[in-house]
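In this note's numbering, the protein residues as written are 265 to 659. Inspection log for the structure reproduced underneath, given as C-alpha cells.
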Ligand code: ACO
C-alpha cells in the first residue's frame with residue numbers, strides 16, 4: 265500500500281523557481297558577480313588586467329609585476345617589485361613532508377598529483393589557522409611561489425630525478441626552468457615562459473576561477489579554494505586542452521604531410537569531434553592571447569630547429585577557421601611553444617595552474633573582502649511533488 269502523509273495532501277507545491285526564468289545552459293553570458301580584476305570584451309577580442317591591455321603586458325611585464333597588479337590593483341614601483349620578488353624567493357621552498365608525499369604517491373596524472381600536493385601545503389603553512397586579510401595575502405604569495413616548485417618537482421620525479429632546491433634570487437620564470445631542468449635557462453627561454461605566465465594569469469570568471477570563488481564564498485580557507493580551481497582547470501574543456509593539443513600534433517607525427525593533416529582534421533570535424541585548442545565561450549573573435557603564443561612558438565621553434573609543430577598548428581588553424589569559423593584559444597599555441605621549450609607534455613596544464621594561481625588568489629581575496637555566500641537556484645525538472653511514499657517491503 266502506498267501512502268502520502270495526510271498533511272502533504274493539503275500543501276500547495278509552488279514551483280521553487282519562477283517558471284518564467286529559464287536557466288541558460290552553462291550560465292552563458294550570465295553576470296554572476298562584480299569584479300575589478302579582469303576585463304574581457306569577447307566581441308572585440310580585448311583582455312585587460314586591472315585596466316592594462318594584455319597586448320601591453322605580454323611584451324613588457326614580468327610575471328611578478330602581473331602578480332602585483334592582480335593582487336594590488338596597480339603596477340608596483342621598483343621597491344614594491346623588489347619586495348615581492350624577495351617574498352617569492354623566500355616562499356619557494358617546499359616542506360619536506362610535501363616532497364615525501366610526492367615520492368609516495370602512485371604514478372598519476374601530474375594534475376592529480378598537483379591537486380593533492382597543493383592541498384597538503386595547507387598542513388604546513390605557518391598561517392594556516394589565520395584567516396586575516398594580511399595572512400591571506402601572505403598565503404596567496406607563498407602558494408603561487410610553491411606551485412612553481414611543486415610542478416617542477418613533479419616533472420623531475422616523473423623523469424626519475426630528484427627535486428632541485430629553488431634559487432631564491434632568480435626571477436619566477438627563470439627559477440621554474442632551473443628547478444625543472446637543473447640548468448640555468450637562457451634569456452629567450454626565460455622571456456618566453458615569463459610571457460606565457462603573464463598571458464595565463466587571469467581570465468575573469470572562467471570555470472576554475474568561478475569554482476575557486478564559490479568555495480571562497482563559504483569562507484573556507486584559501487588553500488581549499490585553490491584546490492577547487494585546480495580540479496576545474498584539469499578538465500579537457502578548460503586548461504586540460506593544451507596537453508590535448510600537443511597529443512593531437514604528436515599523433516600526426518613530425519613528418520605528417522599537410523594533406524594527411526587536412527584530411528584528418530576534416531574527418532574529425534565531419535564526425536563533430538572537437539578540435540582541442542579551438543573555440544571559446546566569450547571570444548567571438550581571435551583570443552588575444554593566442555597571437556602572442558603563436559609568435560613565441562615560432563621564435564622558439566626556429567631556435568630549436570623544430571618549426572614543423574608550429575607550421576602544422578598554423579595549417580590546422582586555417583582549416584578550422586575555414587570550416588567552422590572557430591579561432592584558436594590560449595591553449596592552442598601554448599602547446600607547440602612549451603614543446604619547443606622542451607617541457608614535458610604532462611606539465612602543460614600544471615604550468616597553467618602555476619600562473620593562474622595568481623588570478624585565483626586575487627579573486628579569492630576580492631571575494632573575501634566583500635563576501636556573500638554564492639548559492640544560486642536550479643530549475644526543478646524531476647518527478648512531480650509529492651511522490652507517494654511506498655514502504656520498502658512493497659517496492
Ligand atoms: N572543435 C570543433 N567544434 C567546436 C569546437 C572545437 N574546438 N568548439 C566548439 N565547437 C562547436 C560545437 O561542436 C558546437 O557546434 P554545434 O552548434 O554544431 O553543435 C558549437 O561549436 C558551440 O560549441 P559549444 O561547446 O556549445 O560552445 P561552448 O561555449 O559551450 O564551449 C569550449 C566553449 C568549451 C571552449 C569549446 O569551444 C570547446 O570544447 N573547445 C575545445 C576545448 C578547448 O580548447 N578548451 C579550452 C578553452 S580556453 C580555456 O579554458 C583556457
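Beta carbons are placed, not taken as given, at the ideal position from N, Cα and C, and that holds for glycine.
Could you spell out where the alpha helix (DSSP H) holding residue i opens and where it closes?
i, result
"residue 347", "342-355"
"residue 369", "Element bounds for residue 369: n/a, residue is neither H nor E."
"residue 556", "552-568"
"residue 613", "612-633"
"residue 603", "594-604"
"residue 591", "Careful: residue 591 lies outside any alpha helix (DSSP H) and carries neither H nor E."
"residue 386", "374-388"
"residue 663", "Outside the displayed range of the chain (265 to 659) lies residue 663, so it cannot be described from this structure."
"residue 524", "522-534"
"residue 439", "436-445"
"residue 472", "471-480"
"residue 464", "451-464"
"residue 513", "505-516"
"residue 332", "327-336"
"residue 495", "486-497"
"residue 640", "Element bounds for residue 640: n/a, residue is neither H nor E."
In the DSSP assignment, find the unbroken beta strand (DSSP E) run with residue i in it and report its ends.
i, result
"residue 542", "First-last for residue 542: undefined, no H or E at that position."
"residue 313", "310-313"
"residue 304", "302-305"
Count the other CB atoms within 10 Å of the CB of residue i; is the residue buried (16 or more) or exposed (fewer)?
i, result
"residue 448", "exposed"
"residue 482", "exposed"
"residue 514", "exposed"
"residue 268", "Reliability fails at residue 268, whose pLDDT of 49 lies under 50, so the model's placement of it is uncertain and no value is given."
"residue 309", "buried"
"residue 273", "Bear in mind that the predicted position of residue 273 carries a pLDDT of just 47, short of 50, making it unreliable; the figure below should be weighed with that in mind. It counts as exposed."
"residue 403", "buried"
"residue 265", "The predicted position of residue 265 is uncertain, since its pLDDT is 42 and thus under 50; a value taken from the coordinates is nonetheless stated next. With fewer than 16 other Cβ atoms within 10 Å, it is exposed."
"residue 519", "exposed"
"residue 372", "exposed"
"residue 369", "exposed"
"residue 362", "buried"
"residue 639", "exposed"
"residue 476", "buried"
"residue 547", "buried"
"residue 467", "buried"
"residue 413", "buried"
"residue 342", "exposed"
"residue 659", "exposed"
"residue 637", "exposed"
"residue 504", "buried"
"residue 647", "exposed"
"residue 433", "exposed"
"residue 454", "buried"
"residue 642", "exposed"
"residue 349", "buried"
"residue 317", "exposed"
"residue 335", "buried"
Please report the Cβ distance between residue i and residue j, rounded to the nearest whole angstrom; I am assuming they are in contact, meaning their Cβ atoms lie under 8 Å.
i, j, result
"residue 551", "residue 591", "6 Å"
"residue 509", "residue 595", "6 Å"
"residue 598", "residue 460", "6 Å"
"residue 428", "residue 374", "About 17 Å separates the two Cβ atoms, so there is no contact after all."
"residue 559", "residue 604", "Going by Cβ atoms, the distance from residue 559 to residue 604 rounds to 12 Å, so no, they are not a contact pair."
"residue 573", "residue 586", "Actually they do not touch by this definition, with Cβ atoms about 21 Å apart."
"residue 479", "residue 632", "Residue 479 to residue 632, Cβ: 11 Å. No contact."
"residue 608", "residue 344", "Not a contact, Cβ separation roughly 35 Å."
Would residue i pass as a contact of residue j if the rule is Cβ separation under 8 Å?
i, j, result
"residue 327", "residue 416", "no"
"residue 439", "residue 431", "yes"
"residue 321", "residue 462", "yes"
"residue 487", "residue 383", "yes"
"residue 381", "residue 366", "yes"
"residue 601", "residue 557", "yes"
"residue 457", "residue 441", "yes"
"residue 208", "residue 619", "With the chain covering only 265 through 659, there is no way to say anything about residue 208."
"residue 494", "residue 625", "no"
"residue 613", "residue 444", "no"
"residue 616", "residue 576", "no"
"residue 294", "residue 286", "no"
"residue 409", "residue 356", "yes"
"residue 291", "residue 313", "no"
"residue 406", "residue 394", "no"
"residue 542", "residue 296", "no"
"residue 579", "residue 628", "no"
"residue 589", "residue 533", "no"
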